[in-house]
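Undergrad: These protein sequence lines map, in sequence, to chains A and B. Quick note on our numbering: the first sequence kicks off at 1 and runs consecutively. Quick note on our numbering: the second sequence kicks off at 367 and runs consecutively.
There are 2 protein chains.
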Amino acid sequence: MTPAGKRAPAARPATTGRAATIQKVAERAGVSIATVSRAFADPAAVSDDLRQRVQEAARTLHYRPSRAARTLRVGTSQAIGVVIPDLQNPFFTAVVRGIDSVLQAAGFTLLLGNADENPARELRTIETLKAEGIAGLIFVPLNPARGTYQQVLAPPLHTVAVDRLPTNHHADLVTVDNVMGARTGVARLLSLGHRDVALLGGPSRHSTARERELGYQQALGVARLTPRPELVVRGDFREEGGYDGMRALMALPRRPTAVFVANNLMTLGAYRALHEAGIRIPGDVALVGFDDIPWATSLNPPLTAVSQPAQEIGATAADLLLNRIAQPARAVRHVILETTLVVRASCGEALRPAAGGRSGDHASQK
Amino acid sequence: MTPAGKRAPAARPATTGRAATIQKVAERAGVSIATVSRAFADPAAVSDDLRQRVQEAARTLHYRPSRAARTLRVGTSQAIGVVIPDLQNPFFTAVVRGIDSVLQAAGFTLLLGNADENPARELRTIETLKAEGIAGLIFVPLNPARGTYQQVLAPPLHTVAVDRLPTNHHADLVTVDNVMGARTGVARLLSLGHRDVALLGGPSRHSTARERELGYQQALGVARLTPRPELVVRGDFREEGGYDGMRALMALPRRPTAVFVANNLMTLGAYRALHEAGIRIPGDVALVGFDDIPWATSLNPPLTAVSQPAQEIGATAADLLLNRIAQPARAVRHVILETTLVVRASCGEALRPAAGGRSGDHASQK
DNA sequence: GCTCCTGCTGATAACGTTTTCAGCAGAGGT
DNA sequence: ACCTCTGCTGAAAACGTTATCAGCAGGAGC
Numbered sequence: 001m002t003p004a005g006k007r008a009p010a011a012r013p014a015t016t017g018r019a020a021t022i023q024k025v026a027e028r029a030g031v032s033i034a035t036v037s038r039a040f041a042d043p044a045a046v047s048d049d050l051r052q053r054v055q056e057a058a059r060t061l062h063y064r065p066s067r068a069a070r071t072l073r074v075g076t077s078q079a080i081g082v083v084i085p086d087l088q089n090p091f092f093t094a095v096v097r098g099i100d101s102v103l104q105a106a107g108f109t110l111l112l113g114n115a116d117e118n119p120a121r122e123l124r125t126i127e128t129l130k131a132e133g134i135a136g137l138i139f140v141p142l143n144p145a146r147g148t149y150q151q152v153l154a155p156p157l158h159t160v161a162v163d164r165l166p167t168n169h170h171a172d173l174v175t176v177d178n179v180m181g182a183r184t185g186v187a188r189l190l191s192l193g194h195r196d197v198a199l200l201g202g203p204s205r206h207s208t209a210r211e212r213e214l215g216y217q218q219a220l221g222v223a224r225l226t227p228r229p230e231l232v233v234r235g236d237f238r239e240e241g242g243y244d245g246m247r248a249l250m251a252l253p254r255r256p257t258a259v260f261v262a263n264n265l266m267t268l269g270a271y272r273a274l275h276e277a278g279i280r281i282p283g284d285v286a287l288v289g290f291d292d293i294p295w296a297t298s299l300n301p302p303l304t305a306v307s308q309p310a311q312e313i314g315a316t317a318a319d320l321l322l323n324r325i326a327q328p329a330r331a332v333r334h335v336i337l338e339t340t341l342v343v344r345a346s347c348g349e350a351l352r353p354a355a356g357g358r359s360g361d362h363a364s365q366k
Numbered sequence: 367m368t369p370a371g372k373r374a375p376a377a378r379p380a381t382t383g384r385a386a387t388i389q390k391v392a393e394r395a396g397v398s399i400a401t402v403s404r405a406f407a408d409p410a411a412v413s414d415d416l417r418q419r420v421q422e423a424a425r426t427l428h429y430r431p432s433r434a435a436r437t438l439r440v441g442t443s444q445a446i447g448v449v450i451p452d453l454q455n456p457f458f459t460a461v462v463r464g465i466d467s468v469l470q471a472a473g474f475t476l477l478l479g480n481a482d483e484n485p486a487r488e489l490r491t492i493e494t495l496k497a498e499g500i501a502g503l504i505f506v507p508l509n510p511a512r513g514t515y516q517q518v519l520a521p522p523l524h525t526v527a528v529d530r531l532p533t534n535h536h537a538d539l540v541t542v543d544n545v546m547g548a549r550t551g552v553a554r555l556l557s558l559g560h561r562d563v564a565l566l567g568g569p570s571r572h573s574t575a576r577e578r579e580l581g582y583q584q585a586l587g588v589a590r591l592t593p594r595p596e597l598v599v600r601g602d603f604r605e606e607g608g609y610d611g612m613r614a615l616m617a618l619p620r621r622p623t624a625v626f627v628a629n630n631l632m633t634l635g636a637y638r639a640l641h642e643a644g645i646r647i648p649g650d651v652a653l654v655g656f657d658d659i660p661w662a663t664s665l666n667p668p669l670t671a672v673s674q675p676a677q678e679i680g681a682t683a684a685d686l687l688l689n690r691i692a693q694p695a696r697a698v699r700h701v702i703l704e705t706t707l708v709v710r711a712s713c714g715e716a717l718r719p720a721a722g723g724r725s726g727d728h729a730s731q732k
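1) Three-state secondary structure (DSSP) at residue 508(B)?
2) Hey, quick one: how far does the alpha helix (DSSP H) through residue 36(A) stretch, first residue to last?
3) Tell whether a beta-carbon distance below 8 Å holds between residue 126(A) and residue 152(A).
4) Report the neighbours of residue 66(A) on chain B: residues whose CB is nearer than 8 Å to its CB, in chain order.
5) Is there a Cβ from chain A that is less than 8 Å from the Cβ of residue 407(B)?
6) When you compare the CB positions of residue 494(B) and residue 109(A), do they come within less than 8 Å of one another, or not?
7) What does residue 88(A) touch in chain B if you count any residue whose Cβ is under 8 Å from its own?
8) For residue 659(B), collect the residues of the same chain with a Cβ closer than 8 Å to its Cβ; drop the 5 residues on either side in sequence, then sort them by chain order.
9) Check the C-beta distance from residue 701(B) over to residue 540(B) and give it rounded, since I have them as a contact under 8 Å.
10) Give me the residue from 177(A), 45(A) and 259(A) with the minimum Cα distance to residue 313(A).
11) Within the chosen definition, does the region 522–530 of chain B reach the region 596–615 of chain B through at least 3 CB pairs nearer than 8 Å?
12) How about residue 585(B) and residue 599(B): do their beta carbons lie closer than 8 Å?
13) Straight-line CA distance for residue 536(B) to residue 187(A)?
14) Are the C-beta atoms of residue 69(A) and some chain B residue less than 8 Å apart?
15) Thinking C-beta only, is residue 296(A) closer than 8 Å to residue 258(A)?
16) Taking Cβ to Cβ, would you say residue 570(B) is nearer than 8 Å to residue 531(B)?
17) Please return the same chain residues whose Cβ sits closer than 7 Å to the Cβ of residue 216(A), not counting the five positions on each side in sequence.
18) Am I right that residue 316(A) and residue 337(A) are in contact with their C-beta atoms under 8 Å? What's the rounded C-beta distance?
19) Expressed to the nearest angstrom, what Euclidean distance is found between the alpha-carbon atoms of residue 362(A) and residue 308(A)?
20) What's the C-alpha gap between residue 281(A) and residue 272(A)?
21) With DSSP run on the structure shown, which of helix, strand or coil describes residue 535(B)?
22) Does residue 484(B) come within less than 8 Å of chain A when only Cβ atoms are used?
23) Express the C-alpha separation of residue 471(B) and residue 9(A) in angstroms, rounding to a whole number.
24) Once you ignore the five residues that flank residue 141(A) on each side, which residues in its own chain have a CB closer than 6 Å to its CB?
25) DSSP beta-bridge partners for residue 705(B)?
26) What separation, rounded to the nearest whole angstrom, lies between the Cα atoms of residue 214(A) and residue 270(A)?
27) Report, in whole angstroms, the separation of the C-beta atoms of residue 102(A) and residue 236(A), which I expect to be a contact under 8 Å.
28) Where are the alpha helix (DSSP H) runs, 4 residues long or more, that stay fully inside the region 60–125 of chain A, in chain order?
29) Mind checking the region 254–272 of chain A against chain B and listing, in chain order, the residues whose C-beta falls within less than 9 Å of any C-beta there?
30) So is residue 298(A) in contact with chain B if we call contact Cβ pairs under 8 Å?
31) From the DSSP output, in three-state form, read off residue 205(A) for me.
32) Using beta carbons (cut-off 8 Å, strictly below), is residue 382(A) in contact with chain B?
33) Tell me whether residue 716(B) sits in a helix, a strand or coil according to DSSP, three-state version.
34) Report the residue ranges of all beta strand (DSSP E) runs contained in full by the region 597–662 of chain B; include only those spanning at least 3 residues, in chain order.
35) Under 8 Å Cβ to Cβ from residue 149(A), same chain only, skipping five residues before and after it: list those, please.
36) Taking buried to mean at least 16 other C-beta atoms within 10 Å of its own C-beta, is residue 696(B) buried or exposed?
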């Protein structure tokens with residue numbers, strides 16, 4: 001009944017040893033705990049003899065150093081926080097997978113936070129991760145209206161932004177060349193003979209949306225085409241936005257013959273809108289999307305897409321972060337990766353055989 | 367140059383205060399640290415006056431208790447480990463999202479591990495999470511050939527399995543009624559008049575694959591149909607498996623007129639195979655899949671699917687785990703959720719108007 | 001008026017690491 | 001023979017919590 005009486009040794013299942021501590025390992029190896037610690041952290045600092053005894057003892061006891069104790073002592077954990085806007089967007093999960101692969105190799109743990117497209121939740125999540133003592137943060141910024149990351153991402157915390165430029169926050173950054181990516185995608189449609197090419201763009205608070213729109217304009221410019229403003233529709237980068245946007249475009253008196261869609265979810269919405277309306281791809285409307293989709297080949301027709309190296313983006317971000325943790329003072333870096341145009345059926349063939357013959361050099365035409 | 371000489375107070379940016387400790391809060395509030403701790407852990411145990419002073423001090427100092435210190439002292443952290451086989455499978459990410467939502471509400475953190483369909487990596491990941499001091503583990507078991515979860519999931523750790531029955535491990539479990547789900551899916555095809563219904567099944571080491579196959583057989587049995595063994599093809603639950611399996615089925619001398627596909631990724635592969643071969647859905651082959659897909663409506667035609675409440679599955683698993691952490695001794699539970707048949711175009715209409723008229727009661731026919 | 005509770009409070013010992021510091025042995029130089 | 005230096009080692013102090021224990025005031029009961 002006394003509160004101290006709970007220590008009955010027999011009550012504990014014998015097979016399930018309590019997690020071994022450094023103390024026990026030290027006893028078994030006949031050394032001090034300092035030596036055990038050193039044997040793990042800096043093997044060269046301890047003599048061969050003792051190191052082997054320690055390793056042996058650690059192995060038989062199934063010793064794993066307590067992360068919590070280490071974190072408390074050192075002040076920073078071996079965990080990296082990752083916050084993304086949408087756990088169900090295949091692009092972001094591919095990025096996370098890339099991050100995970102390098103973190104796992106480096107012995108780090110991944111703490112995942114899902115902002116769920118909600119700015120308040122994004123901040124709260126980051127706060128929680130900070131309390132967990134993360135060694136650094138990788139995040140895809142949500143960039144809310146009054147986007148002030150100043151306080152929550154203050155200097156002692158190392159951060160790497162991914163995909164988008166965070167507003168009011170200067171840090172390492174990994175993106176792709178969105179301008180060039182969009183430009184090649186649109187150029188492809190133009191080279192096939194299309195002249196009325198529409199853009200299904202994204203919200204301008206995201207650098208990706210702005211840059212892809214710029215790429216679209218540039219491609220038109222190179223082809224000496226004057227942009228028709230009504231052919232630019234901006235959605236929210238979500239499936240519904242793509243659906244609505246495509247319907248708006250199809251309702252136009254003078255319909256575009258091709259559409260460039262600025263992100264993956266919107267592309268899916270665009271497909272849905274076209275299928276519902278019975279509009280044939282690419283027969284009636286040719287389609288190119290930004291962001292490849294894992295099952296793009298299961299769509300009908302398979303999607304022609306500007307593909308981002310999503311996993312590599314994640315891996316690069318993780319490398320960048322680990323690198324900065326190692327040397328906090330190094331200059332801020334912005335790594336820009338290249339996109340690839342993956343040509344499948346949705347962009348169609350050249351419109352007219354005649355036009356197709358000189359499609360390669362349309363840009364030089366007056 | 368001396369190693370101890372690095373403590374220059376001026377070098378630290380003044381605006382960015384070091385994370386406030388319980389000590390500082392205690393000083394500012396003029397109380398002991400014990401009182402501060404109590405004010406947070408058990409507000410009723412401290413007088414109104416002091417509690418307010420503590421809260422005020424904590425607020426102005428932006429105090430957040432150190433998770434690491436708490437973990438070390440208490441022995442278990444406020445983090446839950448989650449290990450899934452494939453970070454890019456939308457079903458699993460939906461589950462994780464459900465988990466995340468209840469964990470976040472309960473003040474827990476989510477440590478994510480990606481097993482990447484690799485059993486060795488699954489075990490390693492779990493070990494890492496354990497070292498992190500997780501309060502519990504939610505996982506979708508990979509069930510390797512010699513599936514011995516015995517050691518790594520030993521009793522002091524609370525575990526909840528999701529989606530599949532883990533081999534050689536008894537723990538709380540959340541699944542759907544796979545038998546009934548598959549049965550209704552197949553019954554739908556039968557009710558439309560199909561008689562040669564094939565199954566694109568999964569690897570039998572997974573309970574889901576076995577149960578869905580059983581549901582398929584039951585549906586045939588109810589309809590008084592004798593199964594044709596060559597109409598059952600088993601894949602690996604991945605896209606490629608669905609593609610290969612569907613090609614094999616289509617190469618059959620007597621082709622099935624309908625196919626039930628046992629998981630989401632295989633369904634996508636099946637679509638690809640059919641599109642490539644120019645086989646019309648549902649004109650030539652009607653399709654029903656297990657697992658809805660977020661963009662099922664963007665497929666052509668939209669997919670008829672046995673939908674699992676993925677987010678709810680995750681949320682239930684998290685509830686179960688938190689509940690067990692609160693009372694470790696309670697009996698093991700197996701929660702079975704229901705599936706819903708979401709009818710879209712891929713299963714087609716009734717084959718012949720005549721047969722369609724009595725489609726509802728085919729099960730009662732002799 | 002004494003004792004016995006009851007309600008709050010503070011001092012303090014853990015928790016399991018890492019890191020500093022000092023010590024000690026042996027090698028090498030004078 | 002003495003000092004110095006170098007390479008390993010152990011003792012011990014932190015890190016920021018939580019939980020135990022004792023103390024102290026004030027009210028109730030005799």
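We put the beta carbon where it would ideally sit given N, CA and C, even for glycine.
TA: Straight from the coordinates:
1) coil
2) Under the DSSP assignment, residue 36(A) falls in the alpha helix (DSSP H) whose first and last residues are 33–41.
3) yes
4) 438, 497 and 499
5) no
6) Their beta carbons are under 8 Å apart, which means residue 494(B) touches residue 109(A) by this criterion.
7) 456, 459, 460, 463 and 660
8) 456, 630, 633, 634, 665, 669 and 671
9) Under the criterion of beta carbons closer than 8 Å, residue 701(B) and residue 540(B) qualify as touching, at roughly 5 Å.
10) 177(A)
11) no
12) no
13) 58 Å
14) With 8 Å as the cut-off, residue 69(A) counts as an interface residue toward chain B.
15) no
16) no
17) 182, 186, 199 and 260
18) 7 Å
19) Only weak support is given to the placement of residue 362(A): the predicted model assigns it a pLDDT of 40, under 50, and the value that follows is read from those uncertain coordinates. So the alpha carbons of these two residues sit roughly 27 Å apart.
20) 11 Å
21) coil
22) no
23) Reliability of the predicted coordinates at residue 9(A) is poor, the pLDDT of 33 falling under 50, and the value obtained from them is presented with this limitation in mind. Taking the straight line joining both Cα atoms gives about 37 Å.
24) 161, 164 and 166
25) DSSP, once it has assigned bridges, lists no residue as partnering residue 705(B).
26) Rounded to whole angstroms, residue 214(A) to residue 270(A) spans 21 Å at the Cα level.
27) With 8 Å as the limit, residue 102(A) and residue 236(A) do not qualify as a contact, their Cβ atoms being about 31 Å apart.
28) 67–74 and 90–105
29) 265, 267, 268, 269, 270, 271 and 272
30) yes
31) coil
32) The structure shown does not extend to residue 382(A), since chain A is modelled only from 1 to 366, so the question has no answer here.
33) coil
34) 598–600, 624–627 and 652–656
35) 141, 166, 167, 168 and 169
36) Residue 696(B) should be labelled exposed.
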